[in-house]
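One structure below.
2 protein chains.
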Amino acid sequence: MISEKGKTIPQSPIRMLIPYADEAKARGIHVYHLNIGQPDIKTPDLIFNPIRRFEQEVLSYGPSQGTPMLREAIAQYLNEDYSLNIETGDVFITTGGSEAILFLMLSILNPGDDILIPEPFYANYNSIACIAGVNIVPITTSVEDGFHLPPKEKIESVVTDKTKAMLICTPNNPTGTVLRRDEMDMVVDIAEKNDLWLFADEVYREFVFDGGECSSFLSYESSQERIAIADSISKRFSCCGARIGFIVTKNKELYRTIWKFGMARLCPPTIEQYGASAGFNHRHEFLKDMIKEYEHRRNVVYEEIQALEGVFILKSEGAFYTVVKLPVEDSEEFVRWMLTDFEKDRKTVMLAPVAGFYRTPGKGKDEARIAFVLKEDDLRDAMDILKEGLHAFKNKT
Amino acid sequence: MISEKGKTIPQSPIRMLIPYADEAKARGIHVYHLNIGQPDIKTPDLIFNPIRRFEQEVLSYGPSQGTPMLREAIAQYLNEDYSLNIETGDVFITTGGSEAILFLMLSILNPGDDILIPEPFYANYNSIACIAGVNIVPITTSVEDGFHLPPKEKIESVVTDKTKAMLICTPNNPTGTVLRRDEMDMVVDIAEKNDLWLFADEVYREFVFDGGECSSFLSYESSQERIAIADSISKRFSCCGARIGFIVTKNKELYRTIWKFGMARLCPPTIEQYGASAGFNHRHEFLKDMIKEYEHRRNVVYEEIQALEGVFILKSEGAFYTVVKLPVEDSEEFVRWMLTDFEKDRKTVMLAPVAGFYRTPGKGKDEARIAFVLKEDDLRDAMDILKEGLHAFKNKT
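Chains as they are written, first to last, in the working numbering: chain A, 950 to 1346; chain B, 950 to 1346.
Okay, structure coming up:
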């Protein structure tokens, strides 16, 4: 009775182990959640304020493409911070970044078409591609190369008549890798030469560490007709529950098409768009400190993990994640065991197994994603627990 | 470069005439919007209060299936008001009612499968079916029959091997028709005999006039394994911009499948779920008065319209709509003309042409939907303007 898509759409590999965490909590164990992209960073009050002060008598539908106020604030932010030339009419507000990706796939790809995505990739891309009936062709990257892109020839070798687009996430979830400018050049060049659309997931645009360059694919002006950006305020403003994302594209035909998909769901949430506008208008008051905090946490995790025997970690360049190679055969089994069988002083740690972030079967079985979503003390305590857990797990087998 | 779905997904027939209304407003004309399902009824303060008082430090992701608090409030509301036996685990929170319909179609129907829907129907069903790749087979109803269902044989005559589900909206948008109990019996019987899923859009469940019976397909207990309800708080709590809908089903396999689609978009908006919970818990404080107000408006529109020469109207039984037959050849042309060429004392009226609510080409060309979304004085003024507009339009040609 269930559809083929209903049968094949994967569970979130991040969310599917939650029942084991719930059981641990029911036994009185404190679980450090390093498995999810839900930071503990306080949502700035200046984002809550317009929500708390919302004064319209009727909580009514907004425009399908989002309120002019928010679309203008986003255009201004991009133009000021990245020297771009974005107009309000290039910005389309979505219900979270996930809807932005879905609308892009639906607008450009037919069922059965291919989209190239470097793996490991944000696991929800699998689910969204399943909804759109689109086939993901992975471009494998590896922890040893810092998850940077393979040479152009290797990428172009998987392009076929069915390939319609590439989806690039930088700074990257789950790897924390930030594409260098020469890699971005190469990606744009591949798109041009092979007549592909380039979708860029730039949700973590500002999350670049060690003074590295923040950039956007929107800066490639001469290729703008084939480029669309998916973005979200969830991480930038630490308000994942607001469900406000956006698409930016200069391609008018694509924009009009997205608009029609947008009409089908009427509008994104109304109240949160007021909070989001305030966030963009006042970003300078909190964003730098937030990124500095994530960089500090990245340093803490790196310092703690690299001291662990048998664990391989590279210093992640951005976002708030890192992928580590663990001295275990199956990281999913290890993550589950940490929840069901291990504790230290009534506490344990939950990581995200990375196999579900690869498309290629068998890849990443010994890898796990760590999210820098807790403050330093908690992170250090969690790393201590992880260390003892790895030791106990090894001796158990 | 645009996908097939991107090309074929229709614009909302309700929203696509908005640019003409915007132009009229730019000329200083006041437009009475009777074309949209956006009521002027104040959102109850008791729904705003938990939103204004949201005190969590981090606006974080909620569960993909919605917060337990809201799911429990909905189960309790259904059980108390409709003598049902719904559990919290049967309720799944969606981002608006539109997502509820999408998740049901995606979970049950494969691309190319048929779903039966009485026409005229809520036009967004077309867009949602397009996203899911599903084929809508219309069951035509007519204004002369008060848009009630045709006999069983006629409905069953279009069932084929590809038919997987029926979608029934009662009380109905756009017609205002409320299915009689014998019609509901027939629908369930057809679903049983032909092994079809029954999706019921019950967004307007309480919106029944003249003391008529409010009911739900959830009351057919022996058929619960093939029944799922799509619902929303948008109209019931007059908060269309909250984007909170829900699905109720006793079928566990369907529920688990919906959950996977829900994971792909992470969660519905967090803050509004607090408002929605308050709305269900305090519904008795405002809902009856709201329905009484809509019934009064229905009476006003009926009284005014039936006095107009050449206009055919039946007293609508529920929701807050009615479909009228106008003495024009093409109601879309008339609606557009009212915005571009007509005014009375710097005011005009916008209706929704109904052709876009039919699947069968050519149907409903002389029909328009009127939504009872304005208060009495405005409605009477709008009906006056409509009367003069019809007269002037007739003399123009």
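We put the CB at the ideal spot given by N, CA and C, even for glycine.
Note that the structure is a prediction, hence the values are computed from the model and not measured.
Any chain B beta carbon closer than 8 Å to residue i
i, result
"A:M950", "yes"
"A:H989", "Per the sequence shown, residue 989 of chain A should be read as Asp rather than His. At least one chain B Cβ lies under 8 Å of A:D989."
"A:K1343", "no"
"A:A1213", "yes"
"A:S1181", "no"
"A:E1221", "yes"
"A:E972", "no"
"A:E1234", "no"
"A:I958", "yes"
"A:S1056", "yes"
"A:I1000", "yes"
"A:L1246", "Position check: residue 1246 of chain A holds Arg in this sequence, whereas Leu was assumed. So no, A:R1246 is outside the interface."
"A:P1302", "no"
"A:E1048", "yes"
"A:G1305", "no"
Partners in chain A for residue i, counting only beta-carbon separations shorter than 8 Å
i, result
"B:V1322", "Going along chain A, no residue has its Cβ under 8 Å from B:V1322, so there is no contact; the nearest lies around 10 Å."
"B:G1061", "Near B:G1061 there are no residues of chain A at all, since even the closest Cβ is about 10 Å away, more than 8 Å."
Neighbourhood of residue i by C-beta, 7 Å cutoff - its chain only, sequence neighbours within 5 removed
i, result
"A:A1331", "Y981, L983, V1298 and L1323"
"A:D1327", "Y981"
"A:R1329", "V1249 and E1253"
"B:N1073", "S961 and S1047"
Same chain, Cβ closer than 8 Å to residue i, five either side skipped, listed in chain order
i, result
"A:W1208", "S1013, Q1014 and F1041"
"A:E1266", "G1095, P1120, G1125, T1126, V1127, V1157, F1158, D1159 and G1161"
"A:T1289", "Y969, E972 and A973"
"A:N1028", "N1034 and I1035"
Residue environment, residue i, which counts as buried when at least 16 other CB atoms sit within 10 Å
i, result
"A:T1271", "buried"
"B:V1137", "buried"
"A:R1214", "buried"
"B:A1226", "Checking the sequence shown, residue 1226 of chain B turns out to be Ser, not Ala. Result: buried."
"A:K1237", "exposed"
"B:V1107", "exposed"
"B:T1109", "exposed"
"B:R1175", "buried"
"B:N1122", "buried"
"B:G1311", "exposed"
"B:A975", "exposed"
"A:G1259", "exposed"
"A:T1198", "buried"
"A:G977", "exposed"
Chain-ordered neighbours of residue i on chain A, where CB pairs are closer than 9 Å
i, result
"B:G1015", "Here the premise fails: no neighbours, minimum Cβ distance about 12 Å."
"B:T1112", "Those do not exist, as B:T1112 stays about 13 Å from chain A at its closest Cβ, beyond 9 Å."
Listed by chain order, chain B residues near residue i by CB distance under 7 Å
i, result
"A:C1188", "L1008"
"A:T1037", "What A:T1037 touches in chain B: nothing, since even the nearest Cβ is about 15 Å away."
CB contact check: residue i to chain A, cutoff 8 Å
i, result
"B:K1201", "no"
"B:F1261", "no"
"B:R964", "yes"
"B:K1184", "no"
"B:C1118", "no"
"B:I1064", "no"
"B:A1022", "no"
"B:A975", "no"
"B:E1395", "Shown here, chain B extends from 950 to 1346; a query on residue 1395 of chain B therefore has no answer."
"B:S1172", "no"
"B:P1218", "yes"
"B:N1206", "A small fix is needed here, since residue 1206 of chain B is Thr in this sequence, not Asn. Yes, B:T1206 counts as interfacial toward chain A."
Contacting residues, own chain, Cβ-Cβ under 6 Å from residue i (five flanking each side not counted)
i, result
"A:F1186", "I996 and G1228"
Whole-Å CB distance - residue i paired with residue j, under 8 Å assumed
i, j, result
"B:F1269", "B:F1070", "Going by Cβ atoms, the distance from B:F1269 to B:F1070 rounds to 16 Å, so no, they are not a contact pair."
"A:A1177", "A:N1200", "7 Å"
"A:G1061", "A:G1082", "7 Å"
"A:M1239", "A:I990", "6 Å"
"A:A1140", "A:S1172", "7 Å"
"A:T1037", "A:P1017", "6 Å"
"B:A1078", "B:M1054", "6 Å"
"B:I1088", "B:I1104", "5 Å"
"A:M1135", "A:S1164", "Not really, about 14 Å apart at Cβ, beyond 8 Å."
Contact set between residue i and chain B, taken where Cβ atoms lie within less than 8 Å
i, result
"A:G1210", "Checking the sequence shown, residue 1210 of chain A turns out to be Phe, not Gly. Going along chain B in sequence order, the residues near A:F1210 (Cβ under 8 Å) are G955, I958, S1076 and I1080."
Amino acids of chain B, ordered along the chain, whose beta-carbon sits closer than 9 Å to that of residue i
i, result
"A:I1104", "The premise fails here: A:I1104 is roughly 21 Å from chain B at the closest Cβ pair, so nothing lies under 9 Å."
"A:I1176", "The premise fails here: A:I1176 is roughly 12 Å from chain B at the closest Cβ pair, so nothing lies under 9 Å."
"A:A1191", "L1008, P1218, T1219 and I1220"
Cβ-heavy atom distance, residue i to the ligand SAM, below 7 Å
i, result
"A:V1108", "For the ligand SAM, the structure offers nothing, since it holds no ligand at all."
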